[in-house]
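The structure under discussion appears below in the form of structure tokens.
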Amino acid sequence: MKSKAETYIDGAREIITCDSMRSDALGRIPNGIIAIANGDILAAGPPEEVAKTADLSNARRIDAGGKIVAPGFVDCHTHLVFGRSRAEEYALKMTKSVREIEAMGIETGIPASIRMTREENEESLFNDALDRIGRMLRYGTTTVESKSGYGIRLEDELKQLRVNSRLDLDQPVDVVSTFLGAHDFPPEIDRNNPKDRKAYIRELTEKMIPRVTEEKLAEFCDIYCDTGYYTREEAHKILRAGIDHGLLPRIHTDAYANVGGSTLAAELPAVSADHLNYTSKTEMHLLAEAGVVGVVLPALDFAVAHPDPFNARAMLEAGMTLALGTNINPGNWTESMQMVMQLACRNHGMSPEEAMLAATTGAAKAIRREDRIGRLAKGYSADIQIWDLPSFEDSIYRIGNNAVCMVIKNGTVVFQI
Ligand SMILES: [Zn+2]
């Protein structure tokens, strides 16, 4: 018996399925068809293959118009919810050092965003994030992970996480929420005083994490384990508390120094380890063996002009699964996963195929949704984008371009030009 399709897409020059079951890396299907019912993919393949399992007779047709059809992007690492912007700081950074900027009386970095985010109410945070996520959708992103981490005290962390929940309900892009109360230490404490550090870590493990899970506001617990931030031992304690309350661990680490965060990620094991500029080859092998996804952030390395850009080639050679994210935040404002792919290829040695997989199936794995999103195959969510490009390679070649002319979320057209 054939399953009845409600919608089908045909007329594609090529479907990039990102389905590893097919012969080439991207699972390309020239002139393919996708049949959809109940928001999921019934079948994706050459017309004669799809016709065997899907009944298209009463289905609505979407004409891909000779264009390229691909899975919606999964943006697996973002700080989407934040107060105001740091455009002034970023502009000054082009010609001045942080010390020179601070001497002008301008607050910089995460502490500046903590203050700005605390000052905004939930409504204004929501409206700003809604604006950004709308543009992310128009760049082809259909699932976004979003972290807290600019509150760094209970009420303001909850405020950010509630915005995540509202965003998830109020617009088409799925929002996956992560608690990052350990993004930094509260500005009102002395981070060099061990007693103060301990007190905030106790607040995190005994009050904030239980409250976040009680209110079902997050799926993941994340931490910034790096020089100047949380030590390996502190990170272990906090992620452990998260695990005990049902939050899956992720970790920002090795961005500015190696303080042992990658080996911690491999031991736990964490779902993902993110940044990885100073990760050793031995650690890359440990992460690969432990199945920890390496989330790499080319737009961050670009925005801070990182002296040691992450080495994607070495990580891939060690056997790691890589994922890409925009890392959108007030210091690295990128909404486009297409741009992130372009940077990943040109600056970090990824092939266009590797970048595409990292922006879809790899990123889905970094948020534990690899069975539902990131590829165009039977049983996957019909999260699809259509690119007005002559070939897949043009997505890397046309720098800064937005190729997206249609986005379909759960089988419904949610954006079209
Ligand atoms: Zn981050």
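Throughout, our numbering is defined as the position within the sequence shown, counted from one, plus 685.
Note that beta-carbon positions come from the ideal geometry of N, C-alpha and C, so glycine has one too.
Outcome for A1003 when other beta-carbon atoms lying within 10 angstroms are tallied against a minimum of 16: By the 10 Å Cβ count, A1003 comes out buried.
Residue range of the unbroken beta strand (DSSP E) whose run includes A729: For A729, the enclosing beta strand (DSSP E) covers residues 725-730.
Under 9 Å between C-beta atoms of C910 and E919: Yes. Within cutoff.
Beta strand (DSSP E) segments (min. 3 residues) lying fully within the stretch 1006-1032: Counting only runs of 3+ residues, the beta strand (DSSP E) found wholly inside the stretch 1006-1032 occupies 1007-1009, in chain order.
Exposure of R820, with buried meaning 16 or more beta-carbon neighbours within 10 Å: With fewer than 16 Cβ atoms within 10 Å of its Cβ, R820 is classed as exposed.
Closer than 8 Å: N962 CB and nearest ligand 1 heavy atom: No; taking the cut-off as 8 Å, the Cβ of N962 has no heavy atom of ligand 1 nearer than that.
Alpha-carbon spacing of P715 relative to C761, whole angstroms: Distance between the alpha carbons of P715 and C761: 29 Å.
Y909 (DSSP reduced to helix, strand or coil): In this structure, DSSP gives Y909 an extended state, which the three-state scheme calls strand.
Proximity below 9 Å, CB of S1021 to CB of Y775: Cβ atoms of S1021 and Y775: not closer than 9 Å.
Near ligand 1: K1050 beta-carbon under 8 Å from a heavy atom: In terms of side-chain proximity, the C-beta atom of K1050 is found no nearer than 8 Å to any non-hydrogen atom of ligand 1.
Residue span of the alpha helix (DSSP H) that contains F987, given as start and end: Judged by DSSP secondary structure, F987 falls within the alpha helix (DSSP H) whose first and last residues are 983-988.
Spatially closest choice to G724 from I1081, K1063, H991, by CA coordinates: Nearest C-alpha to G724: K1063.
Three or more C-beta pairs below 8 Å linking the stretch 1090-1102 and the stretch 791-800: In this structure the stretch 1090-1102 does not lie against the stretch 791-800, because fewer than three pairs of beta carbons, one per stretch, are closer than 8 Å.
Under 9 Å between C-beta atoms of A997 and H970: No, they are not a contact pair.
Any 3 or more C-beta pairs closer than 8 Å across the stretch 926-935 and the stretch 948-964: The way I'd put it, the stretch 926-935 does touch the stretch 948-964; three or more beta-carbon pairs between them come closer than 8 Å.
Option nearest A755 by Cα separation, candidates G712, N743, E968: Nearest C-alpha to A755 among G712, N743, E968: G712.
Cβ pair L961, M1000 closer than 9 Å: Yes. Within cutoff.
Same chain, Cβ closer than 6 Å to I1052, five either side skipped, listed in chain order: Closer than 6 Å at the Cβ level, and outside the excluded window around I1052, lie C761, E830, V861.
Neighbouring residues (CB closer than 6 Å to any heavy atom of ligand 1): That gives H762, H764, H937, N1012.
DSSP three-state assignment for I795, whether helix, strand or coil: Three-state result, I795: helix.
Supposed close pair T702, L1009 - CB separation, criterion 8 Å: Approximately 18 Å separates the beta-carbon atoms of T702 and L1009; this is outside 8 Å, ruling out the contact.
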